[in-house]
Amino acid sequence: MKRFAGLVLAILFIFGPSLAQALEPSEILADPALEARARTISQGLRCLVCQNESIEDSGADLAHDLRVLVRERVKAGDTDDQVRQYIVSRYGEFVLLRPVLAPHTLILWFAAPALVLVGIGVLVVLARRRRDPLPTDLSAEEAEALERLGAPEPADDPGAVQR
Amino acid sequence: MTIELGHFCLILAFAIATASALVGFALWRAEGRVALFVRQAAVLQFLLVGLAFAALINAFVTSDFSLSLAYQHSHSLMPLIFRITSVWGSHEGSMVLWISILVTFGAAVAVFGRHLPQDLLTLVLSSQALLAAAFTGFTLFTSNPFLRLNPAPLEGQDLNPILQDIGLAIHPPLLYTGYVGFSICFSFAIAALVSGRIDAAWARWVRPWTLLAWCFLTLGIAMGSYWAYYELGWGGWWFWDPVENASFMPWLAGTALLHSALVMEKRNALKIWTIFLSIITFSLSLLGTFLVRSGVLTSVHTFATDPTRGVVILALLACFIGGAFTLFAFRASALRVGGLFAPVSREGMLILNNLFLITGLAAVLVGTLYPLLLEAIAGKTISVGGPFFNLTFGTLMVPLLLLLPLGPFMAWKRGDLIAVTQRLGFAVALAVLGGILVLAWSGWTISLAPFGILLGFWVAFGAIAELVDRSRLGRIAPAESWRRLAGLPRSAFSTTIAHFGVGIAVIGIVATSAWSGELVTTLSPGQSATLSGYAIRFDGVDDAPGPNYSAERGHFTLTAPGGGTNSVEAEKRVYTVSHQPTTEASITTYGFSQLYLQLGEKGRDTAYVVRIWYKPFVTFIWFGAILMALAGFLSLTDRRLRVGAPRRRVVPAAMPEAAE
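If you read the sequences in order, they're chains X and R.
FYI, the numbering for the first sequence is 3 to 165, going by the working numbering.
FYI, the numbering for the second sequence is 43 to 702, going by the working numbering.
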């Protein structure tokens, strides 16, 4: 109970300021190319104390510190990957909005593509199985029944099934 | 006194729902009195929950802070509209809203579904009553909204300022109507499985309810997105937040359901799959309810909860979803496979639609739940954010959008892909031309954006092409074309409008994501900045106190590239009771694009930080969604969908001619 009350308080305090102070002019790097790189990196890093916000969009103090840190590394000549690795080494994998591809995320990354393949496989099998009866030859009994009814076409019309 | 009356009404509704569910499921074969009782019980639940809800609203409107809920979430200085909406600004109150909508749907089926076979109707209403009993019980026993305080406090603690917005009046009721509306599909599925009777007629009965729920959910999500856009202050409109995903997943499943029910209605095929989707769709709604209220997530949307509630909701979730799928497993095999069709046919296209919608849904579901499970099982914390969803979900949507315009052109049973492609040639040409123009405009830089725009154009033009083709515009005299167009069923127009809306939304999403402009700068009064051709002059700040907050209001003058100036205001508010700051961004619409301006913190002297975004064609996103919902409503007025109305034979239009 206490833990949740704490969380709520945390949200109120963290979320509040976050509305007021995202990226500040003083943080912006003078070199537009470096700034653009820093922004791309920042957009993929999570603000640790907010929900699903990138540090670029968040106004929490910690997000501010991270933005400054990212820009420092970019200025120091790190590549994008080096910057990310530096941040991950300090704050953990949780900070990456796009999870890494590793044994513990295999299911995450491949569940949906695998399902597509399974789905296509099932459809192909079903289509094959259905190919045979598709030529609309009626069995002798069906033809006879049809003749008795005097119907112009087989009764696959939904209206016919309705009670 | 009214509060106790409301409390009593809710308890009575709980009792009646329980009785109705027990009697209904036990004696559904017995027609006559049992059926009458279940129907009357549905109407009674509606009246009683309505009274309970009214009692709550009354306490909030009159600022009766002896009601604990009103004390916690309201304040006497709030404007009337917010005092009403704050009823569902809390977990307990929103549960009552949830139940109100549930029983409203139940009563609507009881009243409008009289043409249904009596045993089916009894089963549907019993299932609905079981849901009502479970969730009314949950509300009464774990989150009672009618608790009193003694002595009554003089003043309330105010509502979370972010929620003090007209959005709270619109977003939750729309969204809940959508969420909870899918309960009808669920109940119809349960009824079909219990009675063992399922046919094309079933699909015709369930489709209007699916469509109604889907329309409201579409509007609810779009409204929520726009609310987040203007309220959170940095111009984002979708965050892949778990709670947003929780509302998006039933939408995807519901969209798939709408299309598969079409196959079932027209061709008596895909029966098992349609039943499965009906269960899945509402299960995802329940999952959303669980995620929001259980405390496993935290976000703007979640209500402060204690863990026992989460456990109870999880148990309810397990009972309903588990029960439904157990029933499904036992009974589905009894359902016979219906009409046959070739892989290349309207049915085939609708199956592909379902394939990609459901795998897209799976991507969202896995992305939402995986971090929770990984943390619970392996103790590892990872984040799954926007980049993951854009990649996985986005990729799956590409084939869906590519195939979308082909679907309505395809004949039932057996289609001709080449003929269909030929008839869409004009749309292809227009879309490619549009894509090339965008590519030229963006300076021939190769990126995904022009391709995305091309996809949007393809869907939009492809949708219009269907109407052009069916009216044979340009091939016969215009007057004759017009006559043909006027003679088309409304469902033809709704298909076109909905698909056109999808195209529009895609264009909006791509344009906004690719070509937004952003500027963060410090401005002193009198200074100007430029962004994407717009000049923004800062005119100064004054105080603009409201009833329960203090505010600084920044005045700006905007000059559009083509001339013409606008004076706009952006506010920074601090709410008196909670000391919580919020921003009220200024949003100016130019054509379909918007200039989004936010007043930041005070700098040195009279200077302020100002954040400006230019969002090209951003309104297309919501216009697209609104078009989809309107198309749904239009389709609802088609007499084909009216329950029990004689079925008009829909001839696959113009197919023989085209096949020549």
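Note that beta-carbon positions come from the ideal geometry of N, C-alpha and C, so glycine has one too.
From a predicted model like this one, the values you see are computed outputs, not experimental measurements.
Distance from the CA atom of Asp106(R) to the CA atom of Ala112(R), rounded to whole angstroms, is 7 angstroms. In the DSSP assignment, Gln640(R) falls within the unbroken beta strand (DSSP E) covering 635-644. Judged by DSSP secondary structure, Trp280(R) falls outside any alpha helix (DSSP H); it is assigned neither H nor E. Between Leu472(R) and Gly402(R), the gap from beta carbon to beta carbon reaches 8 angstroms or more.
With contacts defined as CB atoms closer than 8 angstroms, Leu109(R) and Arg239(R) fail to qualify as a contacting pair.
Taking a C-beta cut-off of 7 angstroms against chain R, the contacting residues of the stretch 35-49 of chain X are Gly46, Arg48, listed in chain order. The beta-carbon of Lys422(R) is placed less than 8 angstroms from the nearest beta-carbon of chain X. Listed as beta-bridge partners of Asp33(X) by DSSP are no residues whatsoever. Secondary structure of Thr81(X) (DSSP, three-state): coil. Taking 8 angstroms as the CB threshold, Val118(X) lines the interface with chain R. Following the DSSP letters along the chain, one finds Arg595(R) inside the beta strand (DSSP E) bounded by residues 591-601. Contacts with chain X at 8 angstroms (Cβ-Cβ) do not include Leu326(R). When C-alpha distances from Asn202(R) are compared across Leu527(R), Thr127(R), Phe662(R), the shortest belongs to Thr127(R).
Under the three-state reduction of DSSP output, Ser320(R) falls in the helix class.
Bridge partners of Thr437(R) according to DSSP: none are assigned.
For Arg615(R), the uninterrupted beta strand (DSSP E) run begins and ends at 607-617, by DSSP. Taking 8 angstroms as the CB threshold, Ile109(X) lines the interface with chain R. Assigned with DSSP and collapsed to three states, Leu530(R) falls in coil, not helix or strand. At a beta-carbon threshold of 7 angstroms, the residues of chain R lying near Ala113(X) are Ala404, Val408, ordered along the chain. The distance from the Cβ of Gly220(R) to that of Leu167(R) is about 21 angstroms, inconsistent with a contact at the 8 angstroms cut-off.
The C-alpha of Ile629(R) lies about 20 angstroms from the C-alpha of Gly588(R). Residue range 75-103 is occupied by the alpha helix (DSSP H) that includes Ala97(R).
Here the alpha carbons of Pro567(R) and Leu600(R) stand approximately 14 angstroms from one another. For a Cβ distance threshold of 8 angstroms, residue set Asn54 of chain X lies close to Trp282(R), ordered along the chain.
Of the residues assessed, Glu146(X) falls on the exposed side of the cut-off, its CB having fewer than 16 other CB atoms within 10 angstroms.
Counting only runs of 4+ residues, the alpha helix (DSSP H) found wholly inside the stretch 149-225 of chain R occupies 160-184, in chain order. The Cβ of Ala32(X) sits no closer than 8 angstroms to any Cβ of chain R. Minimum Cα-Cα distance from His597(R) among the listed residues Gly605(R), Val610(R), Ala586(R), Pro603(R) corresponds to Val610(R). For Phe430(R), the neighbours in chain X by C-beta distance under 9 angstroms run, in chain order, Leu99, Arg100, Pro101, Leu110, Trp111.
Straight across, the Cα-Cα distance linking His213(R) with Leu637(R) is about 24 angstroms. In summary, no residue of the stretch 73-88 of chain X has a CB separated from any CB of chain R by less than 9 angstroms. Secondary structure of Lys422(R) (DSSP, three-state): coil. Taking CB atoms only, Thr563(R) has a neighbour in chain X less than 8 angstroms away.
Cβ neighbours of Leu416(R) within its own chain (closer than 7 angstroms, five residues either side excluded): Lys422, Ile424.
Distance check between Thr44(R) and each of Leu672(R), Thr104(R), Leu139(R) places Thr104(R) closest, using alpha-carbon atoms only. Contacts between Leu125(X) and chain R, judged by CB atoms closer than 9 angstroms, involve Pro385, Gly390, Ile393, Leu394, Leu397 in chain order.
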